[in-house]
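A.B. asks:
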Amino acid sequence: MSEIRLYVTTTESKAEEILDLLSTVFGEEDFAIGTTEIDEKKDIWEASIYMMAEDEAEVRSRVEDALKTTFPDARLEREVIPEVDWVVKSLEGLKPVRAGRFLVHGSHDRDKVRPGDIAIEIDAGQAFGTGHHGTTAGCLEVIDAVVRSRPVRNALDLGTGSGVLAIAVRKLKNIPVLATDIDPIATRVAAENVRRNGIASGIVTRTAPGFHSTAFSEHGPFDLIIANILARPLIRMAPKLATHLAPGGSVILSGILAAQRWKVIAAYSGARLRHVRTIWRNGWVTIHFDRP
Numbered sequence: 001m002s003e004i005r006l007y008v009t010t011t012e013s014k015a016e017e018i019l020d021l022l023s024t025v026f027g028e029e030d031f032a033i034g035t036t037e038i039d040e041k042k043d044i045w046e047a048s049i050y051m052m053a054e055d056e057a058e059v060r061s062r063v064e065d066a067l068k069t070t071f072p073d074a075r076l077e078r079e080v081i082p083e084v085d086w087v088v089k090s091l092e093g094l095k096p097v098r099a100g101r102f103l104v105h106g107s108h109d110r111d112k113v114r115p116g117d118i119a120i121e122i123d124a125g126q127a128f129g130t131g132h133h134g135t136t137a138g139c140l141e142v143i144d145a146v147v148r149s150r151p152v153r154n155a156l157d158l159g160t161g162s163g164v165l166a167i168a169v170r171k172l173k174n175i176p177v178l179a180t181d182i183d184p185i186a187t188r189v190a191a192e193n194v195r196r197n198g199i200a201s202g203i204v205t206r207t208a209p210g211f212h213s214t215a216f217s218e219h220g221p222f223d224l225i226i227a228n229i230l231a232r233p234l235i236r237m238a239p240k241l242a243t244h245l246a247p248g249g250s251v252i253l254s255g256i257l258a259a260q261r262w263k264v265i266a267a268y269s270g271a272r273l274r275h276v277r278t279i280w281r282n283g284w285v286t287i288h289f290d291r292p
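The sequence shown maps to residues 1 to 292 in full-length UniProt numbering.
1) Leaving out the 5 sequence neighbours to the left and right, which residues in its chain are closer than 6 angstroms to L21 when beta-carbon positions are compared?
2) For V142 versus S162, is the C-beta spacing smaller than 8 angstroms?
3) Run through the stretch 178-251 for me and flag every whole alpha helix (DSSP H) of 4 or more residues, listed as ranges in chain order.
4) By the DSSP assignment, the alpha helix (DSSP H) with residue 320 in it spans what residues?
5) For the beta strand (DSSP E) holding V113, just list the boundary residues, first then last.
6) Would you call the CB atoms of I4 and R78 closer than 8 angstroms?
7) Going by beta carbon distance, what residues of the same chain come within less than 6 angstroms of G191, once the five residues before and after it are set aside?
8) In three-state terms, what does DSSP make of L172?
9) Excluding sequence positions up to five away, which residues of its chain have a Cβ less than 6 angstroms from the Cβ of P184?
10) Over the uninterrupted beta strand (DSSP E) stretch that includes V97, give me the two end residues.
11) With DSSP as the reference, label L257 as helix, strand or coil.
12) Measuring only the C-alpha atoms, how far is L234 from N282?
13) Quick check on DSSP: helix, strand or coil for E58?
14) Just curious, the beta strand (DSSP E) that E79 is in, first and last residue?
15) Considering only C-alpha positions, which residue in the set I18, A47, V152 is nearest to G220?
16) What does the alpha-carbon distance come out to for the pair K260 and R114?
17) Per DSSP, what kind of secondary structure is G34 in: helix, strand or coil?
18) Out of A99, A271, I265, N228, point me to the one whose CA is closest to P239's CA.
19) Is there contact here, the stretch 4-20 with the stretch 35-43, by at least three beta-carbon pairs under 8 angstroms?
20) What residues match up with T278 in a beta bridge as DSSP calls it?
21) Would a C-beta distance cut-off of 8 angstroms place G103 and D117 closer than the cut-off?
22) Work out the CA separation of T10 and R60 for me, nearest whole Å.
23) Once DSSP output is grouped into helix, strand and coil, what is the label at V152?
24) Which value, in whole angstroms, describes the spacing of the CA atoms of S269 and P247?
25) If the criterion is Cβ atoms closer than 8 angstroms, does the pair A137 and A168 meet it?
26) Return the residue from the list K41, V8, S48, D43 that minimises the CA-CA distance to L257.
27) Please report how far the alpha carbon of D123 lies from the alpha carbon of H105, in whole angstroms.
28) Do T286 and S254 have their C-beta atoms closer together than 8 angstroms?
29) Is the beta carbon of A231 less than 8 angstroms from the beta carbon of V264?
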């Protein structure tokens, strides 16, 4: 089924106001909302919301109702996004990405690795996470800082995707890492990437549909938990995730739009974790919490 983008073309300031408005209207629902710069000199921006075609009628009605009062002159436009394997397509020809000490690259760019780089090789595949997206790059930066400054003995990569974050932890420190995903394809891809990077003995990959999986009790508790998912499931899982964190441990969360960060911070503060810092990357944020 096709994906639909509804958008308003406006100025930067109004695009941000519309972003805040739509974030309020749709709250924790799983619709991606964002702004894009079209022409810097002319101050042309787009505020967009994405949905599957089956949800379009309901979403359009709610967006139009929201815009009617505050932005009565806004013209809501529509784009049908072609059904393409965007994960594979977007990786074609991508350049290596640096995040902290890490260099994430494809097999065709091994010659770009410099002395001192912590190289992670990830090729195009069916699972998310190559370092090019702001959420993955942000996680890599915070992982580097946390592992360098805090005692980390056992780690969990929740929603591992390509396995890039689990690989990053293991390359920084010789500790056990559990990498889980609800998608068996992602778990398989992660295992392949772990082997590709020569650290198969240190990372366990498991398909785990929820915290009721025995994987977490068998391998936990963890003093580093990383979850690069989406704001809504992160908020929902806050209480259970916190129970698997060891005293003094850290949690690194991403997949969160900047406008959603306060809800995530509130959820994890409510689970008795302390907000340490937030970093921004291309409209997305990565948030670090710890257990004092």
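Where a beta carbon is used, it is the ideal one built from N, C-alpha and C, also for glycine.
C.D. replies: Looking at the atomic coordinates:
1) Within the sequence shown, the letter at position 21 stands for residue 21. So the qualifying residues of the chain are A66.
2) On the sequence shown, residue 142 is found 142 positions in, with the first residue counted as 1. On the sequence shown, residue 162 is found 162 positions in, with the first residue counted as 1. Not closer than 8 angstroms, so no.
3) 184-196, 214-219, 231-236, 238-243
4) One cannot answer for residue 320 here, as it falls past the ends of the chain, which runs 1 to 292.
5) Reading the sequence shown from its first residue, position 113 is the one you call residue 113. It is not in any beta strand (DSSP E) - V113 carries neither H nor E in the DSSP assignment.
6) Residue numbering aside, residue 4 sits at position 4 when the sequence shown is read from its first letter. Residue numbering aside, residue 78 sits at position 78 when the sequence shown is read from its first letter. Yes, Cβ-Cβ distance for I4 and R78 is below 8 angstroms.
7) For the purposes of this step, residue 191 is taken as the residue at position 191 of the sequence shown. Checking the sequence shown, residue 191 turns out to be Ala, not Gly. Closer than 6 angstroms at the Cβ level, and outside the excluded window around A191, lie T205.
8) Here residue 172 corresponds to residue number 172 of the sequence shown, with the count starting at 1. DSSP places L172 in helix when its eight states are reduced to three.
9) One-based indexing of the sequence shown puts residue 184 at position 184. Hits under 6 angstroms: T207.
10) Numbered from 1 along the sequence shown, position 97 holds the residue referred to as residue 97. Looking at the DSSP string, the run of the beta strand (DSSP E) that includes V97 is 97-99.
11) Start at 1 with the first residue of the sequence shown, and residue 257 comes out as number 257. Looking at L257 - three-state DSSP - the assignment turns out to be strand.
12) Stepping through the sequence shown from its first residue, residue 234 is reached at position 234. Stepping through the sequence shown from its first residue, residue 282 is reached at position 282. Going from the Cα of L234 to the Cα of N282 covers about 20 angstroms.
13) Position 58 of the sequence shown, counted from the start, is the residue given in the question as residue 58. E58: helix per DSSP, three-state reduction.
14) Your numbering for residue 79 matches position 79 in the sequence shown. Segment 76-81, the beta strand (DSSP E) holding E79.
15) Along the sequence shown, read from residue 1 onward, the residue named residue 220 stands at position 220. The shortest Cα separation from G220 among I18, A47, V152 belongs to V152.
16) Locating residue 260 in the sequence shown gives position 260, where the first residue counts as 1. Locating residue 114 in the sequence shown gives position 114, where the first residue counts as 1. A small correction: the amino acid at residue 260 is Gln; Lys does not occupy that position in the sequence shown. One C-alpha to the other measures close to 37 angstroms.
17) Within the sequence shown, the letter at position 34 stands for residue 34. Shown here, G34 sits in a strand according to DSSP, grouped into three states.
18) If you number the sequence shown from 1, residue 239 lands on position 239. For P239, the nearest C-alpha among the options comes from A271.
19) yes
20) Position 278 of the sequence shown, counted from the start, is the residue given in the question as residue 278. Its beta-bridge partners are I287.
21) For this step, residue 103 is matched to residue 103 along the sequence shown. For this step, residue 117 is matched to residue 117 along the sequence shown. First, the amino acid is wrong: residue 103 is Leu here, not Gly. Contact: yes.
22) For this step, residue 60 is matched to residue 60 along the sequence shown. For this step, residue 10 is matched to residue 10 along the sequence shown. About 18 angstroms.
23) Translated into positions along the sequence shown, residue 152 becomes position 152. Correct three-state label for V152: coil.
24) On the sequence shown, position 269 is the one that residue 269 refers to. On the sequence shown, position 247 is the one that residue 247 refers to. When rounded, the distance between both Cα atoms is 15 angstroms.
25) The residue you call residue 137 lines up with position 137 of the sequence shown. The residue you call residue 168 lines up with position 168 of the sequence shown. Contact flag unset, no.
26) One-based indexing of the sequence shown puts residue 257 at position 257. For the set K41, V8, S48, D43, the Cα lying nearest the Cα of L257 is the one of S48.
27) Indexing the sequence shown from 1 puts residue 123 at position 123. Indexing the sequence shown from 1 puts residue 105 at position 105. Their Cα atoms are separated by approximately 7 angstroms.
28) On the sequence shown, position 286 is the one that residue 286 refers to. On the sequence shown, position 254 is the one that residue 254 refers to. When the beta-carbon positions are compared, T286 and S254 come within less than 8 angstroms of each other.
29) Within the sequence shown, numbered from 1, the residue matching residue 231 stands at position 231. Within the sequence shown, numbered from 1, the residue matching residue 264 stands at position 264. For A231 and V264, yes; Cβs fall inside 8 angstroms.
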